[in-house]
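Chains as they are written, first to last, in the working numbering: chain P, 1 to 143; chain D, 1 to 550. Let me begin by presenting the structure, written as structure tokens, before commenting on it.
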Ligand code: HEM
Ligand code: SF4
């Protein structure tokens, strides 16, 4: 099991090892799964209620497919842990949070202070995503 | 023009602070160049052959005079007294010191400008029609929609690591002045029979090594679903665009490989889902933005008459002005292509002068065109002669818009680390060879575009005459292409045959124009004649053996 390094949830971490998407399809009792960039996150949608952990692997930080995978899962109501693993750098944390990741197991650990600073970079956001932050347009017209 | 509120300002200010911190860490040696590179690229800072180059975004090509003046001041303060306006309606500075970059971004932020997403595999600065809000043939002013798009695309968390860069162009006229179909996405605002506005989405165009014309994917997307449709288009691309080969990673390859119908099907499916998420800014936001693009206070009932007794002025009016929607006003294009000059370059003094003239004569507005010129969109005809005189004094009254010397050229081997050949000297030689304005006007509309390598930053595929720099056994060599076009009649140019030396290509261009002059039918432009008679007569003339002397 990958040690997570940053976690933004208060529930107990899942102990089960994450299995591949293919293995998950065959194992009716698995609660943790790992998505590779080429996997279709939508294949998991019928099973969201039995999932407690989804790991999304970033073999290189430049491969951004995992951002879409994360958002799709959240958009369909997945509420369990969503963990970014692999080549996850400090500069990506804020975008990843916005796409629904709430835990991180980077190859190179990131300190909690550095993470806090990075996550505080953007005072506002222009888009509505899945992190609940109101978009600037919503604030402009909320009065 | 759009004005930042405290939210917009906070975003660019945050960016400046973040970048200042990153540069400090780099200068202190805390991070390596390898670690720093992706960070600086997010701020438009490239390391070129001789120095850092900074690319500044000009959102949909629109500037006010304060911003323009700042661009001139930056050229003086941090560069060598000039800037380079580019085919992406941006401005680049070629001689930047890394330690100055945060201060430049801070100066830009003070006038509501930035360099955000001017490079990297993200959604780049949106380009648009340089005559937006002014053109007589405009159906819908595209600027409010482009601003909506700017905000949506800024720091979009899902689409910052796309397979490849992503360029969107947006227009609202019948005439396409933005090469819309040669972008990853082109959006044309149209009206249906009921008079309602819709967005026509062209997806999967592009230049580079595999030029493609974008097919229509969405016929008539309601404007209040534009952002959701964009999310769908981008998500399908982000998930399924190729990442195994950077030369096949643009969306054009995806659309081409799976086919427009299958891509459309996937987009529609994603779109239906995204509509359930209510991601779209509310109508009130579009209305708020539209408020910034109200017509300026035009005087009503002005005459369209002009005193054209000065022949040089008359030529310039004929060549460099366009019909305005308001009687008594005109659209002026200032050519940055003087005979023998570097296309798109302007000195700090020229930039500031253009800023002053915009303030005095154009309701404070300027535009950058993708053909590397500057537009004053709202000039009162009664002021035109005085304006022209001031431009002329500053070397800015070249009357060559859309003529053979109005050349688009990329930076090429003089600056660019990817170049195979120089573009600028070729542009200068062609411009000098055809310097005689009478001769240029005889040739009529002739769009000549030069790229220094296959990446096609100089749009050579879309040139009536295109020139492509290649490397031939270590020697700079130039291929000639004919028959390209952008706009309503978008077509891709074809290569004539073997390449030429730097002087040889200038001769070859001249021979091609001779064929046109000999063969043209009434009213035909160069490209029309080419389309009618085909490549053969041009090839024959261009590659005819010269008689050997003595
Ligand atoms: C100076 C350094 C530059 C570098 C390293 C560079 C790099 C590239 C590359 C690699 C491509 C091909 C992209 C692909 O096919 O996937 C490209 C295309 C392009 N670039 Fe540049 N470029 C530079 C300067 C410019 C300038 C000055 C402009 C004008 C603003 C420009 C505008 C374009 C355009 C219009 C295209 C073709 C359209 C497209 O396929 O995106 N580039 N550039
Ligand atoms: S076309 Fe090639 S040489 Fe010209 S700017 Fe682009 S990458 Fe550089």
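Each residue gets a CB set at the ideal place from its N, CA and C atoms; glycine is no exception.
For chain P, check one thing: does any of its Cβ atoms lie closer than 8 Å to the Cβ of residue 308 of chain D?
no
May I ask you to report which of helix, strand or coil DSSP gives residue 64 of chain P?
coil
Beta-carbon proximity check, residue 350 of chain D vs residue 396 of chain D, cutoff 8 Å:
Result yes, Cβ atoms of residue 350 of chain D and residue 396 of chain D sit closer than 8 Å.
Among D:28, D:98, D:119, which residue has its Cα nearest to the Cα of residue 78 of chain D?
D:98
Considering just the uninterrupted stretch of the alpha helix (DSSP H) at residue 35 of chain D, what are its terminal residues?
33–41
Which residues mark the beginning and the end of the beta strand (DSSP E) in which residue 117 of chain D is found?
Element bounds for residue 117 of chain D: n/a, residue is neither H nor E.
Is it buried or exposed for residue 92 of chain P, if we count other Cβ within 10 angstroms and need 16 for buried?
buried
Taking CB distances under 8 Å as the criterion, tell me whether residue 4 of chain D reaches chain P.
no
Amino acids of chain P, ordered along the chain, whose beta-carbon sits closer than 9 Å to that of residue 284 of chain D:
137, 140, 141, listed in chain order.
Counting only beta-carbon separations shorter than 8 Å, does residue 461 of chain D have a partner in chain C?
Here the protein chains are P and D, and chain C is not one of them.
Residues that residue 154 of chain D contacts on chain P, provided the C-beta gap is smaller than 8 Å
By Cβ distance, chain P contributes 126.
Taking Cβ to Cβ, would you say residue 144 of chain D is nearer than 8 Å to residue 289 of chain D?
yes
Less than 7 Å between the CB of residue 418 of chain D and some heavy atom of the ligand SF4, yes or no?
yes
Cβ pair residue 95 of chain P, residue 160 of chain D closer than 8 Å:
In this structure, residue 160 of chain D lies closer than 8 Å to residue 95 of chain P by Cβ.
Under the three-state DSSP convention, the category residue 518 of chain D falls into
helix
Within the present structure, is the beta-carbon of residue 455 of chain D separated from the nearest heavy atom of the ligand SF4 by less than 7 Å?
yes
In terms of alpha-carbon separation, which member of D:272, D:208, D:203 lies closest to residue 225 of chain D?
Considering only D:272, D:208, D:203, the residue with the shortest C-alpha distance to residue 225 of chain D is D:272.
For residue 18 of chain P and residue 182 of chain D, the rounded distance between their alpha carbons:
44 Å
Excluding the 5 residues preceding and the 5 following residue 20 of chain P in the sequence, name in chain order all residues of the same chain whose CB lies nearer than 7 Å to its CB.
34
Distance cut-off 7 Å: residue 412 of chain D Cβ against heavy atoms of the ligand SF4
yes
Using a Cβ-Cβ cut-off of less than 7 Å, list which residues of the segment 150–180 of chain D approach chain P; keep chain order.
151, 152, 154, 155, 156, 157, 158, 160, 161, 162
Mind checking if residue 544 of chain D is an interface residue toward chain P, Cβ cutoff 8 Å exclusive?
no
Following a CB-centred definition, is residue 111 of chain P positioned closer than 7 Å to any heavy atom of the ligand SF4?
no
In this structure, what does DSSP give as the bridge partners for residue 170 of chain D?
DSSP output for residue 170 of chain D lists D:128, D:187 as bridge partner(s).
Cβ-heavy atom distance between residue 328 of chain D and the ligand SF4 below 7 Å?
When distances are taken from the beta-carbon of residue 328 of chain D to the heavy atoms of the ligand SF4, even the shortest one reaches 7 Å or more.
Tell me, please, whether the CB atom of residue 238 of chain D is closer than 8 Å to any CB atom in chain P?
yes
Put residue 262 of chain D into one of helix, strand or coil per three-state DSSP.
helix
Where does residue 140 of chain P sit, in a helix, a strand or coil, going by DSSP?
helix
Tell me, please, which residues DSSP counts as bridged to residue 62 of chain D.
D:367, per the DSSP bridge assignment.
Less than 8 Å between CB atoms is the rule here; does residue 68 of chain P satisfy it with respect to chain D?
Chain D, which has a Cβ nearer than 8 Å to the Cβ of residue 68 of chain P, makes this yes.
Chain-ordered neighbours of residue 113 of chain P on chain D, where CB pairs are closer than 9 Å:
None at all; the shortest Cβ gap to chain D is about 14 Å.
Residue burial classification, residue 517 of chain D (beta-carbon count within 10 angstroms, cutoff 16)
exposed
At the 8 Å Cβ level, is residue 64 of chain P part of the contact set with chain D, yes or no?
yes
Does the beta-carbon of residue 303 of chain D, which I'm using as the reference point, lie nearer than 7 Å to any heavy atom of the ligand SF4?
no
What I want to know is whether the C-beta of residue 452 of chain D ends up closer than 7 Å to one or more non-hydrogen atoms of the ligand SF4.
Yes - the ligand SF4 has a heavy atom lying nearer than 7 Å to the Cβ of residue 452 of chain D.
Listing by chain order, which chain P residues have their CB less than 7 Å from the CB of residue 18 of chain D?
121
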